[in-house]
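Single-structure report; data block below.
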Amino acid sequence: MTDPKDHLVLFMPSGKRGRFPKGKVIIDAARELGVYVESVCGGRGICGRCQIDIQEGNFAKHGITSSNDHISPFGAKEKRYAEKRDLKEGRRLSCSSTVEGDLVVDIPQDGQINAAVVRKVDDGRVIERNPALQLCYVEVEEPDMHKPLGDLDRLKVALNDDWGWEDLMVDSHLMPHVQQILRQGEWKVTAVIHRDMETARPSIIALYPGLKNEAYGIACDIGSTTIAMHLVSLLSGNTIASSGAPNPQIRFGEDLMSRVSYVMMNPEGREGMTTAVRVALNGLIENVCTEAGVEPNDILDLVFVGNPIMHHLFLGIDPTELGGAPFALAVSGAVHTWASDLDLVTNKGARVYILPCIAGHVGADAAAVTLCEGPHRQESQMLVVDVGTNAEIVLGNSHRTLAASSPTGPAFEGAEISCGQRAAPGAIERVRIDPETLESRVRIIGVDKWSDEEGFDEAAESLGITGVCGSAIIEVVAEMYLAGIISEDGVINGSLAEKSDRIIEDGRTFSYVLWRGKQTHTIQQTDVRAIQLAKAALYAGIKLLMDKLEIEQVDSISFAGAFGTFIDPKYAMVLGLIPDCDLDKVKAVGNAAGYGAKMALLNRGYRREIEETVTKIEKIETALESKFQDHFVNAMALPNKVEPFPKLSEQVKLPEKTADNNGSGDADGGRRRRRRARG
Ligand code: FES
6 MTDPKDHLVL
16 FMPSGKRGRF
26 PKGKVIIDAA
36 RELGVYVESV
46 CGGRGICGRC
56 QIDIQEGNFA
66 KHGITSSNDH
76 ISPFGAKEKR
86 YAEKRDLKEG
96 RRLSCSSTVE
106 GDLVVDIPQD
116 GQINAAVVRK
126 VDDGRVIERN
136 PALQLCYVEV
146 EEPDMHKPLG
156 DLDRLKVALN
166 DDWGWEDLMV
176 DSHLMPHVQQ
186 ILRQGEWKVT
196 AVIHRDMETA
206 RPSIIALYPG
216 LKNEAYGIAC
226 DIGSTTIAMH
236 LVSLLSGNTI
246 ASSGAPNPQI
256 RFGEDLMSRV
266 SYVMMNPEGR
276 EGMTTAVRVA
286 LNGLIENVCT
296 EAGVEPNDIL
306 DLVFVGNPIM
316 HHLFLGIDPT
326 ELGGAPFALA
336 VSGAVHTWAS
346 DLDLVTNKGA
356 RVYILPCIAG
366 HVGADAAAVT
376 LCEGPHRQES
386 QMLVVDVGTN
396 AEIVLGNSHR
406 TLAASSPTGP
416 AFEGAEISCG
426 QRAAPGAIER
436 VRIDPETLES
446 RVRIIGVDKW
456 SDEEGFDEAA
466 ESLGITGVCG
476 SAIIEVVAEM
486 YLAGIISEDG
496 VINGSLAEKS
506 DRIIEDGRTF
516 SYVLWRGKQT
526 HTIQQTDVRA
536 IQLAKAALYA
546 GIKLLMDKLE
556 IEQVDSISFA
566 GAFGTFIDPK
576 YAMVLGLIPD
586 CDLDKVKAVG
596 NAAGYGAKMA
606 LLNRGYRREI
616 EETVTKIEKI
626 ETALESKFQD
636 HFVNAMALPN
646 KVEPFPKLSE
656 QVKLPEKTAD
666 NNGSGDADGG
676 RRRRRRARG
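Here the numbering used here is used: position 254 in the sequence shown is 259, and no number is missing along the way.
Here it is as structure tokens:
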């Protein structure tokens with residue numbers, strides 16, 4: 006029973022609290038409450054990983070008056086550590102200090118020890134840590150002729166005595182080196198223990214002489230176009246370097262299906278693509294390590310995500326079965342393997358974890374996005390969309406979650422668009438069109454001014470205005486619609502050619518001149534059509550999931566991926582790319598797949614969470630649903646033939662529904678109207 010005289014201790018940021026008797030070692034109190042505090046040296050006061058801050062003051066909400074007088078005075082171990090390693094003002098070692106009164110204990114999130122790697126490239130979110138690896142420093146008994154226990158066996162005894170590890174396995178690559186490492190460290194060594202699942206036998210996967218106070222992991226999203234990699238400190242949770250590279254498989258096929266066809270047509274095709282992606286990954290590992298001043302040998306855990314075809318090719322699995330119905334995955338569950346088996350140049354004992362795939366066309370990347378955004382953790386209906394050449398859609402809440410993919414094609418990425426280009430300096434990224442004059446103004450990547458602002462021409466001179474990037478295509482078409490240049494059916498209104506020289510005849514249809522300069526960029530009728538087809542595919546997929554859930558409205562929308570980062574949600578909704586929703590509930594979440602991978606890297610609890618979630622997510626095959634076609638046809642209109650978009654209408658004045666043209670989109674139609682207008 007708790008003694009009422011026990012002291013109340015609150016740990017932040019977790020908010021976990023409990024009562025502990027005077028003299029309780031603070032790290033032990035934290036552990037009893039399930040608060041993760043790092044420790045490599047096992048409380049010897051030499052690793053400095055267990056640092057805490059005591060918050061002073063009266064915390065009325067919690068009924069705690071916390072003070073530095075309520076923790077034991079600075080002891081010998083802390084003094085020795087502070088002299089040797091520079092303990093920040095106010096910091097204490099939780100392994101070497103005790104509870105003496107009520108306390109609010111802050112576990113700092115900058116638990117970085119090694120000054121060489123303090124540079125952070127994090128996005129500010131904090132992931133609670135519970136990694137699959139633990140660094141355990143031990144002092145091993147020296148050999149004794151009278152006790153013939155082997156060196157490795159005495160190491161295991163020390164790990165059991167000091168850390169409670171029982172039944173340890175040892176990676177075979179380590180066996181030949183154990184004796185040498187023990188002697189090199191003068192019987193003081195740091196063992197790296199890997200245990201992902203609580204039920205699994207733990208393994209010693211690496212061994213370092215002396216105190217090893219840092220270990221690194223990799224979180225990586227293998228996209229079909231781009232690979233994004235993050236180097237993460239497993240002990241502090243900080244991302245210390247990030248790098249990206251184009252996926253070299255592009256040379257075998259631009260999109261996923263052409264890569265599958267390549268494998269089908271070429272006997273060596275699968276192997277070539279597997280090698281290509283692994284070589285690229287090793288290049289990225291080298292890059293992030295060089296940038297952070299880290300040895301690849303110190304990388305001990307790696308987490309990968311990717312769509313099913315990337316996933317299979319990385320693992321060396323033939324993706325042919327994913328090329329057609331029933332889209333059979335060779336393996337859908339999470340994969341646990343060795344980095345060396347995948348030809349990755351890291352520590353020999355490094356482990357790899359790959360998130361589970363949701364379905365044959367909704368992969369581990371979508372699982373990672375789900376883990377990051379967490380529709381399955383909330384009550385409200387959350388829509389998560391990851392737009393690439395395929396759009397992955399996850400919709401639902403804690404009661405029921407559905408997933409699907411929709412074949413949006415490459416239009417959103419600027420391909421198939423006459424003036425489309427990838428996002429690079431000089432590309433048009435923002436567009437406004439005056440509904441009266443139909444004149445446009447633009448902003449380009451690399452220049453911080455609108456084209457009608459003073460200084461734009463000079464600033465843009467060296468870059469040139471080279472094309473329209475993917476995210477801006479959405480904005481152009483939506484602005485054209487809001488300005489009345491295109492009808493709700495997406496037809497460029499040729500009759501406006503009388504009013505503005507920006508509307509030009511282009512064969513049987515009309516085009517809009519978005520930019521006239523050294524280079525002229527026009528939006529053609531075919532461009533508008535390509536965007537309509539892509540957005541209709543996406544919307545129809547979303548609508549199918551809404552039908553299944555019997556909901557008319559989603560409560561929030563998360564846009565994952567690079568595309569989502571740059572599009573303005575308002576324009577996405579004007580186009581009818583996403584369903585009606587409060588605009589302030591629509592957010593871009595960046596590389597959520599990479600972030601989900603990082604969550605799984607730093608906390609094995611997230612691995613279990615997504616493994617379980619994936620088994621519960623219902624997979625919808627859009628191609629097999631008869632209503633898909635109806636939804637698709639309705640979604641070809643702007644924003645939609647049948648959906649009213651009431652929330653959007655509150656914030657944006659949408660054009661009247663009736664289109665001011667014949668809907669044919671051809672130049673003759675435009676001329677007929679002009680003739681009528683002249684009487
Ligand atoms: Fe190593 Fe406290 S646990 S210094």
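Here a beta-carbon is modelled for each residue, glycine too, at the ideal position from N, C-alpha and C.
- Query: Given L160, which residues of its chain have a CB within under 6 Å of its CB, disregarding the five upstream and five downstream residues?
  - Reply: In the sequence shown, counting from the first residue as 1, residue 160 sits at position 155. Excluding sequence neighbours, L160 sits near V145.
- Does at least one heavy atom of the ligand FES sit under 7 Å from the Cβ of C141? In the sequence shown, counting from the first residue as 1, residue 141 sits at position 136. Answer for C141: no, Cβ out of range of the ligand FES.
- Query: On the premise that C586 lies in contact with I556, defined as a C-beta separation below 8 Å, what is that separation, rounded to the nearest angstrom?
  - Reply: Residue mapping note: residue 556 aligns to position 551 of the sequence shown, counting from 1. Residue mapping note: residue 586 aligns to position 581 of the sequence shown, counting from 1. Not confirmed; about 12 Å, so no contact.
- Taking the alpha helix (DSSP H) that R264 falls in, what are its first and last residues? Here residue 264 is taken as the residue at index 259 of the sequence shown, counted from 1. Segment 261-270, the alpha helix (DSSP H) holding R264.
- Message: Quick check: what's the CA-CA separation for G288 versus L349?
- Response: What you label residue 288 is simply residue 283 of the sequence shown in a count that begins at 1. What you label residue 349 is simply residue 344 of the sequence shown in a count that begins at 1. C-alpha separation (whole angstroms): 10 Å.
- Query: Applying the criterion that 16 or more other CB atoms from any shown protein chain within 10 Å of the CB defines a buried residue, is S456 buried or exposed?
  - Reply: As a position in the sequence shown, residue 456 is number 451, starting the count at 1. By the 10 Å Cβ count, S456 comes out buried.
- Message: Applying the 10 Å Cβ sphere with the 16-neighbour rule, what's the burial state of S654?
- Response: Along the sequence shown, one-based indexing puts residue 654 at 649. Counting Cβ neighbours within 10 Å, S654 comes out exposed, since fewer than 16 surround it.
- Task: Just the C-alpha distance for P415 and E291, rounded to the nearest angstrom, thanks.
- Result: Start at 1 with the first residue of the sequence shown, and residue 415 comes out as number 410. Start at 1 with the first residue of the sequence shown, and residue 291 comes out as number 286. If you take the alpha carbons of P415 and E291, they lie about 31 Å apart.
- Task: Check each candidate in M180, L549, D107 and name the one with the smallest Cα separation from K624.
- Result: Indexing the sequence shown from 1 puts residue 624 at position 619. Ranking M180, L549, D107 by CA distance to the CA of K624 puts L549 first.
- Message: Quick check: A539 and T413, are their CB atoms within less than 8 Å of each other?
- Response: Mapped onto the sequence shown, residue 539 falls at position 534. Mapped onto the sequence shown, residue 413 falls at position 408. Yes, the pair counts as a contact, with Cβ atoms nearer than the cut-off.
- Message: Is it the case that the region 175-186 contacts the region 195-214, given that we only count it when at least three CB pairs across the two stretches are under 8 Å?
- Response: yes
- Message: Tell me the rounded alpha-carbon separation between R33 and G601.
- Response: The residue labelled residue 33 in the question sits at position 28 within the sequence shown. The residue labelled residue 601 in the question sits at position 596 within the sequence shown. Note that residue 33 corresponds to Asp in the displayed sequence, not to Arg. Their Cα atoms are separated by approximately 30 Å.
- Item | Enclosing beta strand (DSSP E) for K652 [first to last residue] | For the purposes of this step, residue 652 is taken as residue 647 along the sequence shown, with counting starting at 1. Careful: K652 lies outside any beta strand (DSSP E), inside the alpha helix (DSSP H) at 651-656.
- Item | Beta-carbon proximity check, A640 vs A541, cutoff 8 Å | Residue mapping note: residue 640 aligns to position 635 of the sequence shown, counting from 1. Residue mapping note: residue 541 aligns to position 536 of the sequence shown, counting from 1. Cβ distance < 8 Å, so A640 and A541 count as in contact.
- Would you grab the beta carbon distance between L38 and K21 for me? Rounded to a whole angstrom, and I think it's under 8 Å. Your numbering for residue 38 matches position 33 in the sequence shown. Your numbering for residue 21 matches position 16 in the sequence shown. Indeed they touch by this definition, with Cβ atoms about 4 Å apart.
- Which whole-angstrom value describes the C-beta separation of I132 and M604, a residue pair presumed to lie in contact below a C-beta threshold of 8 Å? Taking the first residue of the sequence shown as 1, we reach residue 132 at position 127. Taking the first residue of the sequence shown as 1, we reach residue 604 at position 599. That belief holds up - the Cβ atoms of I132 and M604 are roughly 5 Å apart, short of 8 Å.
- If we count the other Cβ atoms within 10 Å of its Cβ and call it buried at 16 or more, is L154 buried or exposed? Here residue 154 refers to the residue found at position 149 of the sequence shown. Answer is exposed; the Cβ neighbour count stays below 16.
- Task: Would you kindly work out how many angstroms separate the C-alpha atoms of K93 and S241, rounded to a whole number?
- Result: Sequence index remark: in the sequence shown, residue 93 carries index 88 (1-based). Sequence index remark: in the sequence shown, residue 241 carries index 236 (1-based). Rounded to the nearest angstrom, the two C-alpha atoms are 16 Å apart.
- Item | For T627 and G546, believed in contact at Cβ under 8 Å, the rounded distance | As a working mapping, residue 546 is identified with position 541 in the sequence shown. As a working mapping, residue 627 is identified with position 622 in the sequence shown. Going by Cβ atoms, the distance from G546 to T627 rounds to 5 Å, so yes, they are a contact pair.
- Message: What does the alpha-carbon distance come out to for the pair E466 and C424?
- Response: On the sequence shown, residue 466 is found 461 positions in, with the first residue counted as 1. On the sequence shown, residue 424 is found 419 positions in, with the first residue counted as 1. Each residue's Cα considered, the two are about 19 Å apart.
- Touch test, the region 646-661 against the region 574-590, Cβ-Cβ under 8 Å, three pairs minimum: yes
- Query: In whole angstroms, what separates the C-alpha of L98 from that of G23?
  - Reply: Indexing the sequence shown from 1 puts residue 98 at position 93. Indexing the sequence shown from 1 puts residue 23 at position 18. Taking the straight line joining both Cα atoms gives about 19 Å.
- Buried or exposed: K662, going by 16 or more other Cβ atoms within 10 Å of its Cβ? Position 657 of the sequence shown, counting from 1, holds the residue named residue 662. Answer is exposed; the Cβ neighbour count stays below 16.
- Message: Strictly closer than 7 Å from CB to any heavy atom of the ligand FES: give me those residues in the order they appear in the chain.
- Response: Answer in sequence order: I32, S44, V45, C46, G47, G48, R49, G50, I51, C52, G53, R54, C55, Y86, L98, S99, C100, S101.
- Message: Contact defined as beta carbons within less than 8 Å: I believe I76 pairs with V109. What is the distance between those atoms, to the nearest angstrom?
- Response: By 1-based counting over the sequence shown, the position of residue 76 is 71. By 1-based counting over the sequence shown, the position of residue 109 is 104. The distance from the Cβ of I76 to that of V109 is about 11 Å, inconsistent with a contact at the 8 Å cut-off.
- Task: Evaluate the contact criterion for the region 252-260 versus the region 223-232: three or more CB pairs, one atom per stretch, below 8 Å.
- Result: Below 8 Å, enough C-beta pairs join the region 252-260 and the region 223-232 to call them touching: three or more.
- Does the region 275-284 come close enough to the region 329-340 to have 3 or more Cβ pairs within less than 8 Å? Because the criterion of three Cβ pairs below 8 Å is not met, the region 275-284 and the region 329-340 do not touch.
- Spell out a yes or no on whether the region 634-648 and the region 383-393 are touching, meaning 3 or more CB-CB pairs, one atom from each, closer than 8 Å. no
- Task: For E37, name the three-state secondary structure that DSSP assigns.
- Result: Residue numbering aside, residue 37 sits at position 32 when the sequence shown is read from its first letter. If DSSP states are grouped into helix, strand and coil, E37 belongs with the helices.
- In the structure shown, what three-state DSSP assignment does V452 receive? For the purposes of this step, residue 452 is taken as residue 447 along the sequence shown, with counting starting at 1. V452: coil per DSSP, three-state reduction.
- Rounded distance between the beta-carbons of S247 and M262, thought under 8 Å: Counting from 1 along the sequence shown, the entry for residue 262 is found at position 257. Counting from 1 along the sequence shown, the entry for residue 247 is found at position 242. About 30 Å separates the two Cβ atoms, so there is no contact after all.
- Query: How long is the line joining the alpha carbons of D323 and Q189, rounded to whole angstroms?
  - Reply: Position 318 of the sequence shown, counted from the first residue, corresponds to residue 323. Position 184 of the sequence shown, counted from the first residue, corresponds to residue 189. About 45 Å.
- Cα-Cα separation, D166 to Y142: The residue given as residue 166 occupies position 161 in the sequence shown. The residue given as residue 142 occupies position 137 in the sequence shown. The alpha-carbon atoms of D166 and Y142 are separated by roughly 12 Å.
- Task: Could you tell me the distance, in whole angstroms, from the CA atom of G48 to the CA atom of E616?
- Result: The residue labelled residue 48 in the question sits at position 43 within the sequence shown. The residue labelled residue 616 in the question sits at position 611 within the sequence shown. Taking the straight line from one Cα to the other gives about 34 Å.
- Message: Quick check on the burial criterion: 16 or more other C-beta atoms within 10 angstroms. Buried or exposed for P313?
- Response: The residue labelled residue 313 in the question sits at position 308 within the sequence shown. Burial call: buried.
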